[in-house]
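**Student:** The structure's right below; bear with me while I get my questions together.
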């Protein structure tokens with residue numbers, strides 16, 4: 138199972154190597170990956186349907202309760218089948234759609250990583266690994282949406298998608314960690330077992346808010362919906378995959394998965410119902426004003442997602458059934474419509490619905506797919522969509538406040554039918570215009586996938602019973618514990634639900650016949666843009682950027698000395714306050730060693746040389762006096778029993794002077810740049826800092842010293858390492874690895890110098 | 053600085069200083085000295101020669117560019133760390149020949165490590181100095 | 019003597035910091051070297067100073083018989099000295115290249131006038 142989940146990553150990594158054949162005909166072979174996975178999950182279907190517990194445990198950080206636990210129940214099964222099943226068709230389709238694209242291998246790599254991340258997400262039992270996969274889907278979808286990375290609009294919308302879903306990820310992480318803390322376990326199963334604890338906990342409201350925020354951003358619920366239409370900049374196979382079956386459904390999946398834990402509580406139901414309900418109506422109305430095919434589909438997708446969230450919120454057995462069916466319905470017809478759009482776009486280069494007509498004459502199989510998908514999406518009798526719509530009405534009518542809910546669902550369904558017809562039927566009917574005369578049918582791999590999906594929508598509509606026990610029942614069981622009395626029928630008899638369906642049908646079709654999408658309507662809605670959530674949120678984001686800009690400039694303004702001043706002043710003030718607060722430290726001079734004449738003279742010379750270094754205006758004098766400082770320190774090392782240090786300091790000092798002279802002797806004298814006031818200010822700061830260091834040094838000398846490590850080295854230098862110069866033994870034996878690293882650093886310095894000097898700077902870049 | 057005295061002296065000083073640097077290197081385990089100082093002294097001896105005779109002449113003395121010493125030294129040090137692993141000991145464990153050699157004293161992995169350090173230091177220092185003076189000359 | 023050394027270290031630090039906040043690149047480098055010297059001396063002093071007894075085991079003995087200077091700070095400083103040589107060499111060359119490109123020693127000339135972020 139772990140292999141199944143991670144296979145996409147492995148395949149993506151392996152794509153780095155063969156490269157060339159995969160860009161050509163070999164690309165189709167990758168379809169085997171999702172196809173194989175699809176078969177694998179199908180083979181597990183009977184077991185899952187029988188209620189067998191399919192649990193796979195792979196430890197990751199067991200000490201912290203974080204594991205790769207995969208749990209395949211009815212709910213995750215449906216999603217796994219959708220991900221791999223539709224994934225197979227998408228892979229197949231994409232290998233033709235992007236044929237000859239220079240980065241086809243990269244695209245398929247992203248796609249398989251994305252698929253794996255989705256599988257991991259829906260299979261995880263552990264909420265931490267669930268979150269990891271959740272973020273992985275955000276990241277991989279970022280790459281997919283921004284695949285055309287040479288277009289600015291594409292980069293922008295992928296950034297937007299990442300920012301929104303990533304921001305939601307923050308909330309989700311907080312929510313999941315809180316849940317884990319409350320439940321005492323990160324396992325979803327254990328959370329379900331202890332859900333009473335969760336619901337009565339003081340933090341329930343907070344958890345509910347955080348989890349919903351995460352799910353709503355992912356599933357494009359109002360007011361975070363705007364990233365989804367932007368994401369239509371992606372290649373069409375991506376839109377089809379992300380927005381029909383996978384990415385955006387992740388939020389819905391999460392809500393469904395956590396319903397047994399958090400659901401059945403007024404906070405949860407109301408939040409989901411209000412947000413979902415509002416989103417579905419809002420987005421459905423919005424889709425009326427679009428003329429771009431993908432844009433219409435994007436808004437109808439948001440609306441459908443709203444519907445799913447809404448149904449999860451209603452929380453009755455009927456609602457869960459309706460949700461399970463609608464997930465399938467929507468995945469089938471929406472993926473199909475997206476793929477149909479892709480074919481139209483690919484063959485004609487046009488996605489403007491007002492200019493497309495009559496294409497059935499040239500793209501017949503695609504037209505069949507489009508029409509069937511639109512019919513299923515519209516809920517025409519004998520399609521799978523009809524059953525889904527029926528169940529939705531049944532769910533709303535049996536819930537509390539039935540009138541309002543049913544009205545909202547009715548309105549949404551009418552508008553969704555309209556949007557589906559515009560996208561799936563409109564381009565194919567009417568007169569074929571001159572421009573499209575020579576459009577020809579794409580290869581099989583491009584028209585077969587949408588046709589298959591659309592036909593599946595009809596077949597399932599005719600025989601809904603096949604899904605009863607193996608698929609829909611287990612989903613409802615996963616969400617509410619039992620699946621009593623769940624049966625899917627084509628025919629429910631003459632009742633109020635049928636009336637509602639009829640109303641939907643008549644109103645939708647009538648609306649479609651009467652109203653044509655126009656550019657004028659699109660402009661009208663564009664004028665309201667200034668109060669749209671997108672504008673408000675991006676405005677807020679821009680404010681944050683401006684603030685951080687200002688804040689960064691305050692501290693990191695590109696002037697090295699200002700950085701230093703901040704650091705030094707901060708340290709001085711902090712330590713100074715502490716010392717002054719504790720009173721003057723006592724320093725007993727008595728126990729220190731006496732001052733001999735040599736030491737006194739050498740110290741005096743050092744002081745003098747430092748002063749000369751600072752005050753001189755000649756570079757050579759400064760360098761000469763600097764070397765005097767070095768040599769005198771070398772003498773100090775001699776006085777205080779450090780012959781090795783003295784030798785090293787002496788040679789290094791010599792070499793440094795040579796270097797300085799080689800490089801700098803031609804440079805002009807120091808020019809006076811700073812004003813006297815600035816110099817005095819810096820001097821005060823420097824002296825304060827120096828004083829502080831002196832005081833600290835004296836303070837430390839007062840403390841007793843621990844020589845344990847030194848003693849170990851000294852006593853074992855000869856015994857263990859057969860050396861008598863303890864310093865050298867430490868360097869080459871006891872701490873040999875450090876020295877190893879040190880000479881490596883030296884090597885890097887030499888390489889740096891070498892490349893800096895051999896680097897020829899282009900005169901044009903000199904400005 | 054091309055005085056005749058320095059020129060003549062450097063001809064004898066170079067081998068002497070090099071010998072001295074090896075001496076410092078080898079005695080490092082028992083008395084003050086070691087790979088770092090030894091390498092630096094050797095580098096200085098070349099610098100002295102370059103000052104007296106000009107850099108191009110110094111380059112002629114060396115058959116190869118000194119940067120070749122860097123990988124040699126690094127390799128030697130690393131190798132001396134790996135040798136104990138052949139005997140089933142941990143990385144960088146000190147290994148010694150049982151009997152001391154005359155002049156050098158005990159020979160062991162640490163000595164080879166130190167020789168590696170010596171080479172790296174010479175290589176790095178001379179590479180830096182040579183590159184600098186080469187480019188400076190080019191600009192003149 | 020420790021007091022004088024401590025003061026010396028303070029002066030080295032102060033001089034280093036003062037030179038580093040100047041606008042000249044060369045002064046920045048000199049400041050860096052002074053600061054490095056100060057830091058070395060600080061480590062050395064805090065390991066306590068001992069006169070006339072280097073950490074070398076006498077020829078005829080296997081362990082130290084009497085007091086010896088602390089070898090650890092010495093090993094640390096030896097490393098620091100060599101590393102700082104590499105750093106200085108790199109910095110000097112960098113400085114030279116900057117001077118060639120910019121024809122100025124003034125750090126402020128390196129900043130672009132207004133950079134859009």
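Residue numbers (my numbering), protein chains in the order written: chain A, 138 to 904; chain B, 53 to 192; chain C, 19 to 135.
Glycine residues also receive a C-beta, built at the ideal position from the N, C-alpha and C atoms.
Measuring CA to CA, which of C:57, C:93, C:100 and C:56 is closest to residue 851 (chain A)?
**Tutor:** Of C:57, C:93, C:100 and C:56, the residue nearest in Cα terms is C:93.
**Student:** Using the rule of at least 16 other Cβ atoms within 10 Å of the residue's Cβ for burial, across every protein chain shown, is residue 184 (chain A) buried or exposed?
**Tutor:** Counting Cβ neighbours within 10 Å, residue 184 (chain A) comes out exposed, since fewer than 16 surround it.
**Student:** Taking Cβ-Cβ distances below 7 Å as the criterion, which residues of the segment 77 to 90 of chain B are in contact with chain C?
**Tutor:** Within the segment 77 to 90 of chain B, the residues whose Cβ lies closer than 7 Å to some Cβ of chain C are 83, 84 and 88, listed in chain order.
**Student:** Determine whether the beta carbon atoms of residue 515 (chain A) and residue 558 (chain A) lie at a separation below 8 Å.
**Tutor:** In contact: residue 515 (chain A) and residue 558 (chain A) (Cβ atoms closer than 8 Å).
**Student:** Measuring alpha carbon to alpha carbon, tell me which residue in A:610, A:281, A:485 and A:533 is nearest residue 573 (chain A).
**Tutor:** Minimum Cα distance to residue 573 (chain A) is reached at A:485.
**Student:** Which residue wins for smallest C-alpha separation from residue 26 (chain C), given the options A:894, A:853, A:773 and A:815?
**Tutor:** It is A:773 whose Cα lies nearest to the Cα of residue 26 (chain C).
**Student:** Counting only beta-carbon atoms, is residue 507 (chain A) nearer than 8 Å to chain C?
**Tutor:** Output row for residue 507 (chain A): interface = no.
**Student:** Please check if any C-beta of chain A sits within less than 8 Å of the C-beta of residue 88 (chain C).
**Tutor:** True, the Cβ-Cβ gap to chain A drops below 8 Å.
**Student:** Name the chain A residues that come within less than 8 Å of residue 84 (chain C), Cβ to Cβ?
**Tutor:** Near residue 84 (chain C) there are no residues of chain A at all, since even the closest Cβ is about 12 Å away, more than 8 Å.
**Student:** Strictly under 8 Å for the Cβ-Cβ distance: is residue 91 (chain C) near chain B by that measure?
**Tutor:** No, its Cβ sits nowhere closer than 8 Å to a Cβ of chain B.
**Student:** Just to confirm before moving on: does the CB-CB distance between residue 335 (chain A) and residue 264 (chain A) stay below 8 Å?
**Tutor:** Not a contact, by the Cβ cut-off of 8 Å.
**Student:** DSSP state of residue 82 (chain C), grouped into three classes?
**Tutor:** Residue 82 (chain C) falls in the coil class under three-state DSSP.
**Student:** In the DSSP output, which residue or residues are listed as bridge partners for residue 124 (chain C)?
**Tutor:** Its beta-bridge partners are C:42.
**Student:** Could you name the residues of the same chain whose beta carbon sits closer than 7 Å to that of residue 59 (chain B), not counting the 5 residues immediately before and after it, in chain order?
**Tutor:** Same-chain partners within the cutoff: 104 and 105.
**Student:** Return yes when the Cβ of residue 461 (chain A) is within less than 8 Å of the Cβ of residue 443 (chain A), no when it is not.
**Tutor:** Going by C-beta atoms, residue 443 (chain A) is not nearer than 8 Å to residue 461 (chain A).
**Student:** Does DSSP classify residue 176 (chain B) as helix, strand or coil?
**Tutor:** If DSSP states are grouped into helix, strand and coil, residue 176 (chain B) belongs with the helices.
**Student:** Starting from the C-beta of residue 736 (chain A), find all residues in its chain whose C-beta is less than 7 Å away, skip the five residues before and the five after it, and write them out in chain order.
**Tutor:** The residues are 776.
**Student:** Determine the burial state of residue 65 (chain C): buried for a count of at least 16 other Cβ atoms within 10 Å of its Cβ, exposed for fewer.
**Tutor:** So residue 65 (chain C) counts as buried.
**Student:** Report the start-end ranges of each alpha helix (DSSP H) in the segment 498 to 586 of chain A that is 4 residues or longer and not cut off at the edges.
**Tutor:** You should have 501 to 515, 521 to 535 and 539 to 561.
**Student:** Going by DSSP, which residues form a beta bridge with residue 196 (chain A)?
**Tutor:** DSSP lists A:204 as partners of residue 196 (chain A).
**Student:** Using the C-alpha atoms, what's the distance from residue 250 (chain A) back to residue 416 (chain A)?
**Tutor:** Rounded to whole angstroms, residue 416 (chain A) to residue 250 (chain A) spans 30 Å at the Cα level.
**Student:** Between residue 408 (chain A) and chain C, is any beta-carbon pair separated by less than 8 Å?
**Tutor:** Not an interface residue.
**Student:** Taking the alpha carbon of residue 566 (chain A) as the point to measure from, which residue in A:610, A:493 and A:527 has its own alpha carbon closest?
**Tutor:** It is A:493.
**Student:** Comparing alpha-carbon positions, which option in A:309, A:270 and A:252 lies nearest residue 225 (chain A)?
**Tutor:** Ranking the options by Cα distance to residue 225 (chain A), first place goes to A:252.
**Student:** Taking all protein chains shown into account, decide if residue 29 (chain C) is buried (16 or more other Cβ within 10 angstroms of its Cβ) or exposed.
**Tutor:** Flag for residue 29 (chain C) reads buried.
**Student:** Report all residues from its chain with a CB closer than 8 Å to the CB of residue 53 (chain C); omit the five preceding and five following residues, and keep chain order.
**Tutor:** Taken in chain order, the residues that qualify are 30, 31, 34, 35 and 38.
**Student:** Compute the Euclidean distance between the alpha carbons of residue 208 (chain A) and residue 148 (chain B), then round it to the nearest angstrom.
**Tutor:** Looking at the two C-alpha atoms, the distance is approximately 58 Å.
**Student:** Suppose contacts are defined by Cβ-Cβ distances below 8 Å. Is residue 488 (chain A) in contact with residue 430 (chain A) by that definition?
**Tutor:** Yes, the pair counts as a contact, with Cβ atoms nearer than the cut-off.
**Student:** Measuring CB atoms only, is the segment 543 to 552 of chain A touching the segment 469 to 477 of chain A, in the sense that at least three cross pairs come out at less than 8 Å?
**Tutor:** Result no; under three Cβ-Cβ pairs closer than 8 Å.
**Student:** Residue 57 (chain C) CB to nearest chain B CB: under 8 Å?
**Tutor:** Not closer than 8 Å to any Cβ of chain B, the Cβ of residue 57 (chain C) fails to qualify, so no.
**Student:** Is the beta carbon of residue 742 (chain A) less than 8 Å from the beta carbon of residue 765 (chain A)?
**Tutor:** Cβ atoms of residue 742 (chain A) and residue 765 (chain A): closer than 8 Å.
**Student:** Which residues in chain B have a C-beta closer than 9 Å to the C-beta of residue 781 (chain A)? List them in chain order.
**Tutor:** The contacting residues are 80, 84, 85, 86, 88 and 89.
**Student:** Hey, how far is the Cα of residue 800 (chain A) from the Cα of residue 273 (chain A)?
**Tutor:** Using only the alpha carbons, I get a separation of about 52 Å.
**Student:** Straight-line CA distance for residue 297 (chain A) to residue 152 (chain A)?
**Tutor:** Their backbone Cα atoms lie some 28 Å apart in a straight line.
**Student:** Using a Cβ cut-off of 8 Å (strictly closer), state whether residue 53 (chain C) contacts chain A.
**Tutor:** By this cut-off, residue 53 (chain C) is not an interface position.
**Student:** Which of the three DSSP states, helix, strand or coil, is assigned to residue 28 (chain C)?
**Tutor:** In the structure shown, residue 28 (chain C) sits in a helix (DSSP, three-state: H, G or I).
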